[in-house]
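*Asks:* Sequential numbering of the sequence shown, starting at 0, is according to numbering that gives the first Met the number 0.
Every residue gets a Cβ at the ideal spot worked out from N, C-alpha and C, and that includes glycine.
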Amino acid sequence: MKEKNIALVTEAGNGLGKTFADLLLEHNYSVILAACGESYKLLAEKNDFAAGCELLEVDFTSETRLTELYERIQSSWGRLDLLVNNAEIVNGFGQKIDQIKLCEVKALYEVNLFAVIRLIQVLKPLLDESIAPKIINITSALGDITKMTEEEFCYASYNLTAYATSKAALNIFTALLQRELEPSKIRLHTFDPVLMENCTYNSVVVCNGVKDEFISLI
């Protein structure tokens, strides 16, 4: 039997973590689903994971907890074949400039951007142990400056300042890291589930086209 690949999927609030985990389980992966806060509680309560999926509670803003995550993966599997940076939070919907609370913006950036950077830094040695390691950063069209300035774009009027700017920052970070990793064996992809018709984070609907695109990256 072909040895299973090892994947880590993060989840903090968009509800897509389990969807990605289920797809990976169907394609010869053992999956660690790392979740924080209410997301972890909801996933633990449902307790409907297939064999091959392990749910862990992780604080993505804590370097200590991320180091513990590294040690857990290293001792159990010794490598990581795929990292899916899906953890994100949303706040401040519809807020105008005089309503924005910087403490909320900072809290969102800790999960949506800084945690992604930390996770890649901490887990890169495990990815280096894989034959064909991959990273997928889950992004959003709300971080696309061109789209957000188009009146016909359905999310252009959302005024999610913290979320949109965090995804824009994630997009440029991903582009820079892709260039840095080109000489290495690590492949880095960006993936946006909301780009396709009828797929939104609001309803957490993932249509077949999105699933196929995600599968093509793994």
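1) Could you tell me how far apart the beta carbons of residue 133 and residue 186 are, in whole angstroms, since I believe they sit closer than 8 Å?
2) Threshold first: 4 residues or longer. Then list the alpha helix (DSSP H) segments lying entirely within the stretch 41-99, N to C.
3) When you compare the CB positions of residue 112 and residue 88, do they come within less than 8 Å of one another, or not?
4) Looking at residue 213: is its Cβ nearer than 8 Å to the Cβ of residue 19?
5) Taking contact to mean 3 or more Cβ pairs, one atom from each stretch, closer than 8 Å, check whether the stretch 30-48 and the stretch 160-170 are in contact.
6) Only counting the same chain, and skipping five residues up and downstream in sequence, which positions put a Cβ closer than 8 Å to that of residue 117?
7) Taking the DSSP output, what are the residues bridged to residue 188?
8) Could you check how far apart the C-beta atoms of residue 34 and residue 11 are, in whole angstroms? I think they sit under 8 Å.
9) Going by DSSP, what residues sit across from residue 30 in a beta bridge?
10) Helix, strand or coil for residue 162 per DSSP?
11) Mind checking whether residue 136 and residue 84 have CB atoms under 8 Å apart?
12) How should residue 170 be labelled, buried or exposed, when 16 other C-beta atoms within 10 angstroms of its C-beta is the threshold for buried?
13) The ligand ADP and residue 216: does the residue's C-beta get closer than 7 Å to at least one heavy atom of that ligand?
14) Would you mind sorting residue 192 into buried or exposed? The rule is 16 or more other CB atoms within 10 Å of its CB.
15) If you draw a straight line from the alpha carbon of residue 181 to that of residue 174, how long is it in whole angstroms?
16) Going by DSSP in three states, residue 182 sits in which element: helix, strand or coil?
*Replies:* Walking through what the data contain:
1) The count along the sequence shown starts at 1 and reaches residue 133 at position 134. The count along the sequence shown starts at 1 and reaches residue 186 at position 187. Contact holds; Cβ gap of about 5 Å.
2) Within the stretch 41-99, the complete alpha helix (DSSP H) runs of at least 4 residues are 62-75.
3) Along the sequence shown, read from residue 1 onward, the residue named residue 112 stands at position 113. Along the sequence shown, read from residue 1 onward, the residue named residue 88 stands at position 89. Contact flag unset, no.
4) Start at 1 with the first residue of the sequence shown, and residue 213 comes out as number 214. Start at 1 with the first residue of the sequence shown, and residue 19 comes out as number 20. Contact annotation: residue 213 and residue 19 have beta-carbon atoms nearer than 8 Å.
5) These segments do not touch.
6) By one-based count along the sequence shown, residue 117 stands at place 118. So the list reads 59, 62 and 65, once near-sequence residues are dropped.
7) Stepping through the sequence shown from its first residue, residue 188 is reached at position 189. Paired residues: 135.
8) Mapped onto the sequence shown, residue 34 falls at position 35. Mapped onto the sequence shown, residue 11 falls at position 12. Approximately 7 Å separates the beta-carbon atoms of residue 34 and residue 11; this is inside 8 Å, confirming the contact.
9) To locate residue 30, count along the sequence shown from 1; it is residue 31. Its beta-bridge partners are 6 and 52.
10) To locate residue 162, count along the sequence shown from 1; it is residue 163. Assigned with DSSP and collapsed to three states, residue 162 falls in helix.
11) For the purposes of this step, residue 136 is taken as the residue at position 137 of the sequence shown. For the purposes of this step, residue 84 is taken as the residue at position 85 of the sequence shown. Taking 8 Å as the Cβ cut-off, residue 136 and residue 84 qualify as a contacting pair.
12) Indexing the sequence shown from 1 puts residue 170 at position 171. Result: buried.
13) The model depicted lacks the ligand ADP and carries no ligand whatsoever.
14) Taking the sequence shown and counting its residues from 1, the one referred to as residue 192 is at position 193. Buried, because 16 or more other Cβ atoms sit within 10 Å of the Cβ of residue 192.
15) Here residue 181 refers to the residue found at position 182 of the sequence shown. Here residue 174 refers to the residue found at position 175 of the sequence shown. Between residue 181 and residue 174, the C-alpha separation is close to 11 Å.
16) For the purposes of this step, residue 182 is identified with residue 183 of the sequence shown, where counting begins at 1. In the structure shown, the three-state DSSP call for residue 182 is coil.
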